[in-house]
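Residues 1 to 491 (the UniProt record's numbering) make up the sequence shown, in order.
This report concerns only the one structure given below.
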Amino acid sequence: MQTSRDGVHWTPKTGAVDGIPSISVIEPQQFHLPEDGELLDAIVIGAGYAGLVASRELAIQKKKVLLLEGRDRIGGRTWHGTIDGFNYEMGGTWIHWHMPHIYHEMSRYGLQNDWIVSQVTGGQHDIFTLTAYGHQANMSHERETEMFVKTWGTFCNVDGTFLRESMTYPLSANLTTKYDHLSCQDRINQIRDQFTQQEIGFLEGVLLQMGGGPLDRMGLTDALRWYALGGFTGTGLNDIALSTRPKCGQSGIARKIFDHAVRSGLSYSFSSPIAKIEDGSYVTVTTRSGKTFMAKKVICTIPLNVLGDITFSPPLSPLKQAAISEGQTQKCNKIHFDLAGPDMKSWASLGSPGKGLIAALSDNTTPANDTHVVTFGPSADSKQGMKLKNNIEGIKNALYHLLPFKREIKRIVYHDWFNDEFSKGTWCYLPPKWVSRYLAAMQEPHGNLILANADWSNGWRGWIDGAAQQGIESAAKVVEALDSARKSSRL
Ligand SMILES: Cc1cc2nc3c(=O)[nH]c(=O)nc-3n(C[C@H](O)[C@H](O)[C@H](O)COP(=O)(O)OP(=O)(O)OC[C@H]3O[C@@H](n4cnc5c(N)ncnc54)[C@H](O)[C@@H]3O)c2cc1C
């Protein structure tokens with residue numbers, strides 16, 4: 001297996017080492033590149049789920065398509081590394097059969113039975129630990145669920161119908177923007193007197209895990225959408241979005257899509273960051289190293305927080321530019337820990353204010369029979385956030401703050417998404433007013449160019465499913481435009 005440049009792996013013996021073995025690394029890095037001056041049907045920029053699905057759709061429709069990617073691997077913000085026989089999901093992880101676009105990909109490739117449940121019961125310490133405002137309490141998972149349903153349900157019940165009236169069809173493009181001017185902090189202030197301080201700490205932990213924070217930079221709209229996508233129930237979002245992951249690892253699915261596209265004629269170039277996109281009667285894409293490629297249409301899947309680094313000619317519309325310069329809020333850290341022994345395998349925790357991490361959940365045991373714990377911090381650039389580089393002691397202490405008992409840490413694995421030039425953040429969580437001001441504008445084509453990314457999808461925006469949806473939708477638009485241009489040139 002090749003080792004990606006991405007990711008960091010620490011053990012007491014090796015210290016922190018850059019790079020993680022992963023089936024997502026593509027070898028050779030270039031394949032079947034076009035001749036100089038050749039005009040392709042389409043170029044897809046970015047090999048995350050949006051770009052992979054778009055590339056596959058175009059290739060199977062016999063379009064001449066080139067995929068350009070800055071990294072050495074596929075998957076973008078969703079990939080897994082394999083260490084000592086265990087798959088560490090470095091980014092996007094949990095998916096579900098109630099996420100229609102990604103479930104379609106699983107069933108298409110025969111992976112519909114390939115699931116693992118993350119949160120298992122029956123461990124020696126089958127408990128939830130809440131560390132809120134200096135006070136730590138252990139409780140049962142049943143009590144945790146009660147607290148979740150009460151706080152999260154009250155938070156989202158802005159219309160008295162648990163959103164059944166305001167967001168009746170949560171996958172639709174036309175969701176209400178009535179609450180979009182409010183931040184999560186505004187909403188907490190409206191309902192604060194219904195809760196104890198412990199419950200407020202719990203709710204803040206839940207929200208910071210969702211959006212990274214600070215809470216006044218997190219729009220209320222995305223939280224409400226997620227509640228509606230969870231089936232309008234207090235536990236639905238957790239059941240769908242934090243519970244099941246593919247046994248083959250996320251890169252197992254991504255590889256199926258990529259390999260299918262290559263079998264169908266896709267050309268590609270990895271480790272090829274692009275710098276400029278110029279649109280005229282056709283589109284010219286220039287890499288940082290100065291190589292140019294030309295195509296009739298381009299699908300650019302670069303994430304919101306990175307788009308500002310690309311030169312567009314003609315410039316993007318003022319609304320798109322404003323959307324990009326405001327960016328998205330979620331810049332959290334996700335860190336894996338292996339704890340000695342299996343006894344913590346049913347543990348979960350929230351802590352607010354935390355000391356660099358605000359949430360932890362155990363996710364099975366490793367082949368060495370150690371507990372694998374996944375943790376999340378608030379946005380790395382927020383007041384409570386944590387820098388990861390050269391900070392192994394800080395990372396350990398952040399976990400110790402959440403743990404009810406001291407445990408030996410045998411391994412730490414992470415990807416520093418905040419300092420990653422190709423993401424500058426994690427999953428998309430939008431600030432107040434962004435949706436009402438910019439969402440429609442971001443989804444509009446720009447001449448021969450379509451911007452497509454989970455960050456501005458409908459439905460599961462910010463999730464893997466939203467990326468797959470954007471890939472399908474953008475490729476369909478490009479195929480239609482190419483086919484109708486060919487038809488009219490024949491007339
Ligand atoms: C830590 C973390 C946890 C997450 N957890 C979940 C989860 O549990 N469930 C879930 O559904 N979602 C989760 N997500 C969100 C999910 O991973 C993303 O929404 C999804 O992967 C985005 O896919 P995309 O193709 O739209 O964008 P990306 O995956 O970001 O793909 C864009 C691609 O463009 C490339 N690129 C950027 N700049 C350039 C350039 N200049 N030149 C060439 N290429 C460039 C990038 O390298 C990348 O490969 C998580 C994300 C993170 C980071």
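Here a beta-carbon is modelled for each residue, glycine too, at the ideal position from N, C-alpha and C.
Remember, predicted model here, so these are calculated numbers, not experimental data.
Pair within 8 angstroms by beta-carbon distance, residue i and residue j
i: S281; j: L66; result: no
i: G356; j: A398; result: yes
i: H98; j: I240; result: yes
i: N350; j: V373; result: Before going on, a small fix: residue 350 reads as Leu here, not Asn. No, the Cβ-Cβ distance between L350 and V373 is not below 8 angstroms.
i: N333; j: M386; result: yes
i: I412; j: H336; result: yes
i: T78; j: Q250; result: yes
i: M218; j: P431; result: yes
i: S272; j: L439; result: no
i: T176; j: S166; result: yes
i: C184; j: G211; result: yes
i: I74; j: A54; result: no
i: L44; j: T301; result: A small fix is needed here, since residue 44 is Val in this sequence, not Leu. Yes, the Cβ-Cβ distance between V44 and T301 is below 8 angstroms.
i: G471; j: G70; result: no
i: A360; j: A441; result: no
i: L215; j: I188; result: yes
i: V298; j: L482; result: no
i: A485; j: Y49; result: no
i: residue 508; j: K410; result: Residue 508 falls outside the range modelled here, since the chain spans only 1 to 491, and no answer is possible.
i: F86; j: P367; result: yes
i: F270; j: Q29; result: yes
i: S243; j: Q119; result: yes
i: F15; j: H415; result: Before going further, note that residue 15 is Gly rather than Phe in the sequence given. Their beta carbons are not under 8 angstroms apart, which means G15 does not touch H415 by this criterion.
i: S474; j: A452; result: yes
Identified DSSP bridge partners for residue i
i: N458; result: In DSSP, N458 forms no bridge with anything.
i: L397; result: The residue asked about is misnamed: residue 397 is Asn in this sequence, not Leu. For N397, which the question treats as bridged, DSSP gives no partner whatsoever.
i: Y414; result: V8, I335
i: V374; result: H336, L361
i: L350; result: L130, A359
i: T3; result: P21
i: V120; result: The partner list for V120 (beta bridge, DSSP) is empty, contrary to what the question assumes.
i: I409; result: L339
Contact set for residue i: own chain, Cβ-Cβ below 7 angstroms, skip 5 residues either direction
i: C428; result: L304, Q328, Q330, A454, D455, R461, G462
i: G236; result: G230
i: S352; result: A132, G201, E204, G205, L208, I358
i: V149; result: G234, T235
i: H9; result: V17, I20, I83, V413
i: D159; result: E165, S166
i: R192; result: I200
i: P34; result: L40, L66, S267, F293
i: S325; result: G308
i: I277; result: V283, V285, V298, C300, I310, F312, L449
Neighbourhood of residue i by C-beta distance below 6 angstroms, restricted to the same chain and skipping five residues each side
i: residue 529; result: This structure cannot speak to residue 529, because the chain is shown only from 1 to 491.
i: residue 492; result: For the chain, the structure presents residues 1 to 491; residue 492 sits outside this window and is missing.
i: D465; result: M99, H101, I102
i: residue 515; result: The structure shown has nothing for residue 515, since the chain only spans 1 to 491.
i: R56; result: I257, H260, A261
i: C248; result: D114
i: N458; result: A173
i: M147; result: F202
i: K64; result: L40, D41
i: A228; result: L163, M167, P170
Residues near residue i in its chain [Cβ-Cβ closer than 8 angstroms; skip 5 each side]
i: G123; result: P342, D343, M344, K345, S346, W347, S362, T371
i: M1; result: P21, S22, I23, V25, T82
i: P246; result: I95, M106, L111, D114, W115, I116, G252, I253
i: H125; result: D343, M344, S346, W347, P404, F405
i: E27; result: Q2
i: L220; result: V158, Y179, D180, L182, S183, C184, D186, R187, P432
i: H104; result: A468
i: H401; result: T131, G351, G354, K355, G356, L357
i: V306; result: E421, F422, S423, K424
Contact with chain C by residue i, beta-carbon distance below 8 angstroms
i: I127; result: Protein chains in the displayed structure number just one, and chain C is not present.
Residue i Cβ short of 7 angstroms to ligand 3 heavy atom set
i: A47; result: The model on display carries ligand 1 but not ligand 3.
Complete beta strand (DSSP E) runs within the region 10-97 (minimum length 3 residues, chain order): 15-21, 39-45, 65-68, 80-83, 86-89
Where are the alpha helix (DSSP H) runs, 4 residues long or more, that stay fully inside the region 195-241, in chain order? 197-211, 220-229, 236-241
Examine the Cβ distances between the region 303-323 and the region 57-64 and report whether three or more of them are shorter than 8 angstroms. no
Going residue by residue through the region 310-338, where are the continuous alpha helix (DSSP H) segments of at least 4 residues, counting only ones entirely within it? 318-326
Any contact of the region 215-227 with the region 82-92, i.e. 3+ C-beta pairs under 8 angstroms? no
Evaluate contact between the region 443-452 and the region 406-423, counting only Cβ atoms and requiring at least three cross-stretch pairs below 8 angstroms. no
Identify every run of the alpha helix (DSSP H) within the region 243-309, keeping only runs that are complete inside it and at least 4 residues long; order them along the chain. 250-263, 304-307
What residue ranges within the region 129-208 form continuous beta strand (DSSP E) runs of no fewer than 3 residues, ordered along the chain? 135-139
At 3 residues or longer, and completely inside the region 423-477: list those beta strand (DSSP E) runs for me, N to C. 449-451
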